[in-house]
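Reviewing the structure listed below.
There are 2 protein chains.
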Amino acid sequence: MTSIKLGVIGAGSATFSMGLVKDICVTKGLSGSHISFMDIDEERLDVVGKLAPRYGDQFGSDLTFDTTLNRKDCLMDADFVINTAAVIGHQTQMKIIDVISKHGYYYGRAGVGSAYYNLKLMMDVVRDMEKLCPEAWLIQSGNPVFDGCTLMTRESEMKIIGLCHGHYGVHKVCRQIGIDPEQVTWQAPGLNHNIWLTHFIYKGEDAYPILDEWIRTKGPEFWKDESVTTPPEKGKDVTTIPASEEADPDFVAAAQRKAWDIDLSPAAVNAYRMYGLLPIGDTPRRLSWWEHTDLATKQRWLNKPWGGQDSHVSHPYYVRRLEIRLAEIARLAKDPKADLLKAIGTSKPHEQQIPIIDALVNDNEGRFQVNVPNNGVIKGLPDDVVVEVPAVINKMGVQTYMAGELPRSIMLNMIYPDWIRMERTLHAFKTGDRAMLLWNVLDTHQTQTYDQAIGVLEEAMKIPEYKEMAEYYKWPEKWRSIKL
Amino acid sequence: MTSIKLGVIGAGSATFSMGLVKDICVTKGLSGSHISFMDIDEERLDVVGKLAPRYGDQFGSDLTFDTTLNRKDCLMDADFVINTAAVIGHQTQMKIIDVISKHGYYYGRAGVGSAYYNLKLMMDVVRDMEKLCPEAWLIQSGNPVFDGCTLMTRESEMKIIGLCHGHYGVHKVCRQIGIDPEQVTWQAPGLNHNIWLTHFIYKGEDAYPILDEWIRTKGPEFWKDESVTTPPEKGKDVTTIPASEEADPDFVAAAQRKAWDIDLSPAAVNAYRMYGLLPIGDTPRRLSWWEHTDLATKQRWLNKPWGGQDSHVSHPYYVRRLEIRLAEIARLAKDPKADLLKAIGTSKPHEQQIPIIDALVNDNEGRFQVNVPNNGVIKGLPDDVVVEVPAVINKMGVQTYMAGELPRSIMLNMIYPDWIRMERTLHAFKTGDRAMLLWNVLDTHQTQTYDQAIGVLEEAMKIPEYKEMAEYYKWPEKWRSIKL
Chain A
420 MTSIKLGVIG AGSATFSMGL VKDICVTKGL SGSHISFMDI DEERLDVVGK LAPRYGDQFG
480 SDLTFDTTLN RKDCLMDADF VINTAAVIGH QTQMKIIDVI SKHGYYYGRA GVGSAYYNLK
540 LMMDVVRDME KLCPEAWLIQ SGNPVFDGCT LMTRESEMKI IGLCHGHYGV HKVCRQIGID
600 PEQVTWQAPG LNHNIWLTHF IYKGEDAYPI LDEWIRTKGP EFWKDESVTT PPEKGKDVTT
660 IPASEEADPD FVAAAQRKAW DIDLSPAAVN AYRMYGLLPI GDTPRRLSWW EHTDLATKQR
720 WLNKPWGGQD SHVSHPYYVR RLEIRLAEIA RLAKDPKADL LKAIGTSKPH EQQIPIIDAL
780 VNDNEGRFQV NVPNNGVIKG LPDDVVVEVP AVINKMGVQT YMAGELPRSI MLNMIYPDWI
840 RMERTLHAFK TGDRAMLLWN VLDTHQTQTY DQAIGVLEEA MKIPEYKEMA EYYKWPEKWR
900 SIKL
Chain B
420 MTSIKLGVIG AGSATFSMGL VKDICVTKGL SGSHISFMDI DEERLDVVGK LAPRYGDQFG
480 SDLTFDTTLN RKDCLMDADF VINTAAVIGH QTQMKIIDVI SKHGYYYGRA GVGSAYYNLK
540 LMMDVVRDME KLCPEAWLIQ SGNPVFDGCT LMTRESEMKI IGLCHGHYGV HKVCRQIGID
600 PEQVTWQAPG LNHNIWLTHF IYKGEDAYPI LDEWIRTKGP EFWKDESVTT PPEKGKDVTT
660 IPASEEADPD FVAAAQRKAW DIDLSPAAVN AYRMYGLLPI GDTPRRLSWW EHTDLATKQR
720 WLNKPWGGQD SHVSHPYYVR RLEIRLAEIA RLAKDPKADL LKAIGTSKPH EQQIPIIDAL
780 VNDNEGRFQV NVPNNGVIKG LPDDVVVEVP AVINKMGVQT YMAGELPRSI MLNMIYPDWI
840 RMERTLHAFK TGDRAMLLWN VLDTHQTQTY DQAIGVLEEA MKIPEYKEMA EYYKWPEKWR
900 SIKL
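Protein sequences, first through last, are from chains A and B.
Per the numbering used here, the first sequence runs over residues 420 to 903.
Per the numbering used here, the second sequence runs over residues 420 to 903.
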């Protein structure tokens, strides 16, 4: 039994933070620990600050908590730090996507995303940690995990693990094809958001034939299903979702769940028949450009009616659902009589953060899916690229492994291009070279002409929320001196 | 002085073969050598078979020659082999491009090129050499040099050097900006058709400022120039080029020269201002998708009026020029009184093949631009990838070198993607996996939808000249069993 200090950066995400509180309460080995919640949003932080000790009391734990707007206070002498912060929120992301779509792109960022801000925050956190808690582990839980963890582990000696939800997609696959996830062992290595089911064993036998049977007999029906609802028209303001729907969070949740059910979408199955392995979690969501050109195409590849989670109809629903859940949690915080154990639950941890901490400090060994430097685990990738692979974690640390290799076709079509994209992102971030941003836009398949790329890049740089980024990224000297 | 046996595969290219004869005649150290010309086209081979000994006689050399339709005879006991063969000729390439353009592509192969045939021929030649002349050097002079030399050097222990004309683009740059190429030292390393001018020294000083001055003062005028002619309309059959033009090879040659003058095109200069280094030779021709979407766009980036050498107007002119030149050479072969020394010239070698042989056998050391396995010369690329780099060649062999590194932005945007494309080509070639071909089509920027990719791939596979390839490339088993 070891009490720790856990710092949480970006703790204003109340769902995430209260999930952590629940997980640490049910983990006896961490009793007596202290959690310091930090966020820059005072109002949202306040919700967590009220709920966490009340949940702890109701649970009967001896955990202690504080909240702070000051990152340094949160990190000081921490044993573990969880960084879940996203600098640019969902509402702003939607605004940015709107600006970009005016240049002829369907609901996306045309290669001018906001990675700059999260990468900068990650580096700021890790530099602070080097001074304030140099022995602590950083558990990076916000995106971009692949780019960010590669950057941080190259630049810093801190101990860093990146985590993502995506691999739980295997459980969704199991439930979909009618086998008990608890009876399944599996491996899905790769890069974050780009992982592939190399091992899929149900009760000791290869489960891929069960998947094949499902695809043959159930797939066509599943792909036709439009049961949830008809999504609203393009351009419809999400705030105009009828009051009846707004009042029914179950509807929004069900609709949203449907949008996320892409694990066995035609896109996923097409990749499976191309490569022989099923893409897992967020992987089907970003297999290719050709799934994302418009809503009808998304519906074809990522299921009807939502076309996956990145369409102009499903994304606003997702954000709306987050807002509804946030409002619910805020209501809980205002109601001193609320039964928090019932509202938040007392189930064993689903997320990996707390069990990993328990494994590291109490030697309560477990198997996890982590993002750490490759160091030879995935053949054909450099050692200093962060990969997502299975690991055994115990008091001795993180021991990664992987049985076999990824098929060469997956390496060539999916892994290498993503690796190089990541390297381009980091090079752009480190040099502030705007020509690298331009290249990124040009490399976006929906870009049809050079002038379109220049146009969307220049307009993106005028978005108020991109101001700091626009000042940072400068054209190379030769670019400025040569007129074409 | 050492006499050798040189085997030439694809010798029916009379211009190339007679250039070799001229080069070897003027290279005193190789007197007494024997050249064996091999081709599968008896008629074209016959032209070379008649001209070569007559040129040798007129020159007063003691070289001997034979021609053969049998590759094994050509290779038997050879000391050097030059492979310049292209399995699918220009006329067929134009036919293939026509089929493909019907699917919505502008004058290209949409990722379904004929690399399969040349790669197969290269491997056949190198396997024959292992048996018939295991100590010989292979000088690979036909495309794809990058893919093919990487394949052969991985699969075989034979000594292999790949050569290309592209690096002579530096001389064209020098002449364009008004400096004497003989007073310039330079380096342009990279991958074949993807090389970058890292060192550009005129009379001991950096010549890039001279280039900058030319861009500033002369560039705009040069880019506007449409002096040669107005190209014919799209779809116009090249055989309908007026007789007056056909009778005037100078016109066709001048027009074609203009199409090839892309060394300081806006495309090249744009890359220069983006990366700080000038792309050389064929590099500006394949910098990006956005230069090639239609004729007007090609004219913008690769000069007016031809839009570079890969447009629907310039390519037929190029092929026509080749035919005219071939006809001229055939006429020479029929005229026993022709002054071949005058017609073919007696200048010192411009091509690298014979001087390299002279360096290897007579220790007549020289500096060359070669394609050989990287082995650490370009940092960041595996050892077994063939790179194009400077080399000193003498009796001890090929010693490659490179001063410094390529800029990281060039590595990330230009070199790595090309490396991975090459690996995909080789993987497809080795496995016969049709899904890899599909990926290649999908990866082509002009592809707008998945169905378009399937459509063009299926139609390309029905082209009679692609029959063997279509039989070789099979869909993966899962692809065949799963219907979507």
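By construction, the Cβ of each residue, glycine as well, lies at the ideal position given by its N, Cα and C atoms.
So what's Met457 (chain A) in DSSP terms, helix, strand or just coil?
-> strand
List the endpoints of the continuous alpha helix (DSSP H) containing Gly438 (chain B).
-> Ala433 to Cys444
Please decide whether Ser900 (chain B) counts as near chain A, where near means a Cβ-Cβ distance under 9 Å.
-> yes
Relative to chain B, which residues along the segment 829-847 of chain A have a C-beta separation below 8 Å, given in chain order?
-> Leu831, Asn832, Tyr835, Pro836, Ile839, Glu842, Arg843 and His846
Considering only residues of the segment 606-637 of chain B, which uninterrupted beta strand (DSSP E) runs meet the minimum length of 3 residues and lie entirely inside it, listed in chain order?
-> 613-615 and 618-621
Can you tell me whether Gly431 (chain A) is buried or exposed, with buried defined as 16 or more other CB within 10 angstroms of its CB?
-> buried
Name the chain A residues whose beta carbon is nearer than 7 Å to that of His864 (chain B)?
-> His864
Sorted by chain position, which residues of the same chain lie with C-beta nearer than 7 Å to His586 (chain A)'s C-beta, five sequence neighbours on each side aside?
-> Ala607, Ile614, Ile699, Gly700 and Gln788
For Pro895 (chain B), the three-state DSSP class (helix, strand or coil) = coil
Would you verify that the beta carbon of Lys897 (chain B) is, or is not, closer than 9 Å to some beta carbon of chain A?
-> yes
For Ile921 (chain B), three-class secondary structure by DSSP = The requested residue 921 (chain B) does not occur in the structure, where chain B is confined to residues 420 to 903.
CA nearest to the CA of Ala672 (chain B), picked from B:Lys643, B:Ile773, B:Leu449 and B:Trp725 | B:Trp725
So, does the CB of Asp802 (chain B) fall closer than 9 Å to a CB anywhere in chain A?
-> no
In chain order, each alpha helix (DSSP H) run of at least 4 residues that lies wholly inside the segment 833-873 of chain B = 835-850 and 853-861
Phe641 (chain B) beta carbon less than 9 Å from that of Leu630 (chain B) | no
For Ile459 (chain A) and Val688 (chain B), believed in contact at Cβ under 8 Å, the rounded distance = Contact flag wrong, Cβ pair sits at about 45 Å.
Roughly how many angstroms separate the alpha carbons of Ser436 (chain B) and Ser766 (chain B), rounded to a whole number?
-> 15 Å
Between the beta-carbon of Ser455 (chain B) and the beta-carbon of Gly426 (chain B), is there less than 9 Å?
-> yes
Contact set between Met855 (chain B) and chain A, taken where Cβ atoms lie within less than 7 Å | Ser828
Report the option in B:Val564, B:Gly785 and B:Gln510 whose CA atom is closest to the CA atom of Leu610 (chain B).
-> B:Val564
Asp729 (chain A) beta carbon less than 9 Å from that of Tyr526 (chain A) = yes
Any chain A beta carbon closer than 9 Å to Leu861 (chain B) = yes
Identify each residue in the segment 684-700 of chain B for which the Cβ-Cβ distance to at least one residue of chain A is less than 7 Å, and report them in chain order.
-> Pro685, Val688, Asn689, Tyr691, Arg692, Met693 and Gly695
Which same chain residues, not among the five before or five after Tyr524 (chain A), have their C-beta less than 6 Å away from its C-beta?
-> Gln865
Any chain A beta carbon closer than 9 Å to Gln867 (chain B) | yes
Element boundaries [alpha helix (DSSP H), containing Gln772 (chain B)] = Gln772 to Asn781
Give the secondary structure of Met716 (chain A) by DSSP, where H, G and I count as helix, E and B as strand, and everything else as coil.
-> Before going on, a small fix: residue 716 (chain A) reads as Thr here, not Met. Thr716 (chain A): helix per DSSP, three-state reduction.
In chain order, what residues of the segment 619-639 of chain B put their CB closer than 9 Å to some CB of chain A?
-> Asp631, Ile634, Arg635, Gly638 and Pro639
Collapsed DSSP secondary structure at Ile516 (chain B) in the structure displayed | helix
In chain order, each beta strand (DSSP E) run of at least 3 residues that lies wholly inside the segment 539-612 of chain A | 556-559, 578-581 and 603-606
From the beta carbon of Asp680 (chain B), is the nearest beta carbon of chain A less than 9 Å away?
-> no
Measure the alpha-carbon distance for Ala529 (chain A) versus Glu878 (chain B) and round it to whole angstroms.
-> 32 Å
Which value, in whole angstroms, describes the spacing of the CA atoms of Gln559 (chain A) and Trp894 (chain A)?
-> 32 Å
Can you pull the DSSP bridge partners for Asn813 (chain B)?
-> B:Gly816
With burial defined as no fewer than 16 other Cβ atoms inside 10 Å of the residue's Cβ, what is the status of Pro774 (chain B): buried or exposed?
-> buried
Going by beta carbon distance, what residues of the same chain come within less than 6 Å of Phe484 (chain B), once the five residues before and after it are set aside?
-> Ile454, Ala471 and Pro472
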